[in-house]
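To start, the structure itself, in structure tokens.
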Amino acid sequence: EAQVTQNPRYLITVTGKKLTVTCSQNMNHEYMSWYRQDPGLGLRQIYYSMNVEVTDKGDVPEGYKVSRKEKRNFPLILESPSPNQTSLYFCASSSLPDEKLFFGSGTQLSVL
Amino acid sequence: GDSVTQMEGPVTLSEEAFLTINCTYTATGYPSLFWYVQYPGEGLQLLLKATKADDKGSNKGFEATYRKETTSFHLEKGSVQVSDSAVYFCALGHQGGSEKLVFGKGTKLTVNP
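Sequence lines, in order, name chains H and V. Residue numbers are given in this note's numbering: position 17 of the first sequence equals residue 17, and the series is strictly consecutive. Residue numbers are given in this note's numbering: position 110 of the second sequence equals residue 110, and the series is strictly consecutive.
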């Protein structure tokens, strides 16, 4: 089954404790992206990657890191999480130049 | 820059009512337009799309027509069901890649039996 898999689904952590949210897709997609969803703000792009070893900033990259060492994986790293990073995070992928995005089920992150 | 404006929610309807969710956009060139739907507890999924002026996208009884003259892409459904309860996102993109997708803020729809 074609899918984008994120882990964990829920995460509660404390300020400053480094964490990684994993994302994997099994569709051989070139493009992958991370979004955060906040009430009243909709979906905002954090980082995206056009292919292996190619990443770029989205609209709200501060406080986040990503890497794309393999085509299928695109982890999101929070080196020192802060409470304003409490949000619902989505990973997505697509096959370029198709514009249809496939989304993961989301990761609800709470930073205390 | 590009932007998408959706009607404020939430929207609450009774089953079999007519649905309209307004979406207008500002963009350079000739963008493609999309509606994505997010069911409770899930990620977004593409509902329908239109790639040029006057195109009509349709899926699962939903329709939206790309109106260049009014820069709009309103979502409609003639008779909603309880299972249509979800958050709906309008989005625009430019051909050549999904990295330029711009999403609206989303409109929450609740359909009561």
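Ideal Cβ placement from N, Cα and C applies to all residues, glycine included.
query: As assigned by DSSP and simplified to three states, the class of S105 of chain H; result: coil
query: From V:E8, V:E42, V:G29 and V:L47, residue whose alpha carbon lies closest to that of Y36 of chain V; result: V:L47
query: CB contact below 7 angstroms: G104 of chain H versus chain V; result: yes
query: Span separating the alpha-carbon of G16 of chain H from that of L112 of chain H; result: 10 angstroms
query: Beta-carbon proximity of F127 of chain V to G42 of chain H, cut-off 7 angstroms; result: Any property of residue 127 of chain V remains undetermined from this structure, which presents chain V solely from 1 to 113.
query: Own chain, CB closer than 8 angstroms to R72 of chain H, minus 5 neighbours either side, in chain order; result: S24, Q25, N26 and N28
query: Against chain V: residues of the segment 47-67 of chain H by CB proximity under 8 angstroms; result: Y48, M50 and D56
query: Reduced DSSP secondary structure (H/G/I, E/B, other) of V14 of chain H; result: coil
query: Contact test: G93 of chain V Cβ vs the ligand FMN heavy atom, cutoff 6 angstroms; result: With respect to the ligand FMN, the structure shown offers nothing to examine, as it has no ligands at all.
query: Environment of S87 of chain H [buried if 16+ CB atoms lie within 10 Å]; result: buried
query: Meets three-Cβ-pair contact criterion under 8 angstroms: the segment 92-107 of chain H and the segment 6-16 of chain H; result: yes
query: Alpha carbon of S49 of chain H to alpha carbon of A27 of chain V, nearest angstrom; result: 23 angstroms
query: Cβ-based burial, S93 of chain H [other Cβ within 10 Å; buried from 16]; result: buried
query: Contacts that K56 of chain V makes with chain H (C-beta to C-beta distance below 8 angstroms); result: What K56 of chain V touches in chain H: nothing, since even the nearest Cβ is about 17 angstroms away.
query: Cβ distance (whole Å) where L101 of chain V is taken to contact L76 of chain H below 8 angstroms; result: Contact flag wrong, Cβ pair sits at about 18 angstroms.
query: Check whether Y25 of chain V and T71 of chain V have beta carbons under 7 angstroms apart; result: yes
query: CB contact below 7 angstroms: L76 of chain H versus chain V; result: no
query: Of the listed residues H:R44, H:E53, H:R68 and H:E70, nearest to V60 of chain H (C-alpha basis); result: H:R44
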